[in-house]
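Residue numbers (this note's numbering): 1344 to 1561. Heads up, the beta-carbon is just placed ideally off N, CA and C, and yes, glycines get one too.
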Amino acid sequence: ALLGEHAAFCQALAEGIRDALAHGHETDVKAARKLSERAKVWERKADHLVMRLRDQAAGNARWLPFLRLIECADDAADELEEAGFVLSLIAEDNHHGWNDELRAALRRLADKVLEATRDHVKALAIARTLNEASLAEDQDEFLAACWRVVNAEKLCDALTRDVRRLFVRHVSDAAALSLGTDFAAALEASTDALLRTGYAMRGLVFTRVGAGHQGRRA
């Protein structure tokens, strides 16, 4: 349950950033600050979930693999909160040179990050139901969600390079260039964290399902 709640916060963070870009909040100081403040609240709530699981793991070692999982996912929440903060700085007249092409590229990046968080949520939801008696179709659905996160991370890496190229071409102001590339880098880093989380999740699921299969064979 804690992992699912945490994943929901990651999705909310990504959705907030996607929506902010869709509505042009990189030029709206009030709206961007509101998002940043809301993102900080979500990130703190996500941190609280990590601390709760850490307390559980301290009392029972069987929770340690899940603690490692949520700690990986929390890196994604941290990066998304950072992106929200940087966007609030960009809105403070640090968006010189942002043209339609650059905005479109950033929106594509934010869209793909949001897709990754949604698939992270889906993979976790399926993982909770998987055991030695699970149908092959359910396992396939879990793996498909995990692979979509992998593919999203690869695409976000490419999209981030495209964004950096556009910033270098069109943005000459030093602050706007630095903040813009930092913003894109934070978004991309969140998918790196989701990728690591997905690998750890697959390991846990395969251990559980595999152990069950071995038990049935015995």
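Buried or exposed (CB count within 10 angstroms, at least 16 for buried), residue i
i	result
Val1429	buried
Arg1461	buried
His1368	buried
Asp1417	buried
Glu1435	exposed
Ser1533	buried
His1556	Bear in mind that a pLDDT of 45 at His1556, under 50, signals an unreliable position, so the model cannot answer this.
Ala1459	buried
Lys1497	exposed
Ala1561	Residue placement at Ala1561 is poorly supported in this model, since its pLDDT is 28, which falls under 50; the coordinates still yield a value, given next. Ala1561 should be labelled exposed.
Leu1478	exposed
Met1394	exposed
Asn1437	buried
Ala1488	buried
Ala1344	exposed
Top-ranked residue by Cα proximity to residue i, from the options
i	options	result
Ala1419	Gln1399, Leu1445, His1438 and Val1464	Val1464
Glu1422	Glu1475, Leu1467 and Ile1360	Ile1360
Gln1482	Leu1432, Arg1508, Ala1350 and Thr1550	Thr1550
Ala1447	Gly1427, Phe1510, His1349 and Leu1486	Phe1510
Leu1329	Leu1530, Ala1363 and Glu1414	Nothing in the structure corresponds to residue 1329, since the chain is present only between 1344 and 1561.
Ala1536	Thr1472, Asp1500, Val1514 and Trp1441	Asp1500
His1439	Thr1370, Gln1354, Arg1545 and Ala1355	Thr1370
Leu1473	Ala1527, Met1544 and Asn1403	Met1544
For residue i, the three-state DSSP class (helix, strand or coil)
i	result
Gly1367	coil
Ala1528	helix
Ala1434	coil
Ala1561	Residue confidence for Ala1561 is low, a pLDDT of 28 falling below 50, so the modelled location carries little weight and cannot support an answer.
Ala1344	coil
Is the segment 1383-1398 touching the segment 1486-1501 in the sense that three or more CB pairs, one from each, lie closer than 8 Å? no
Taking only runs of the alpha helix (DSSP H) that begin and end inside the segment 1437-1519, which ones reach a length of at least 4 residues, in chain order? 1443-1470 and 1479-1513
Below 8 Å, how does it come out for the segment 1498-1507 and the segment 1424-1441: are there three or more Cβ pairs, yes or no? no
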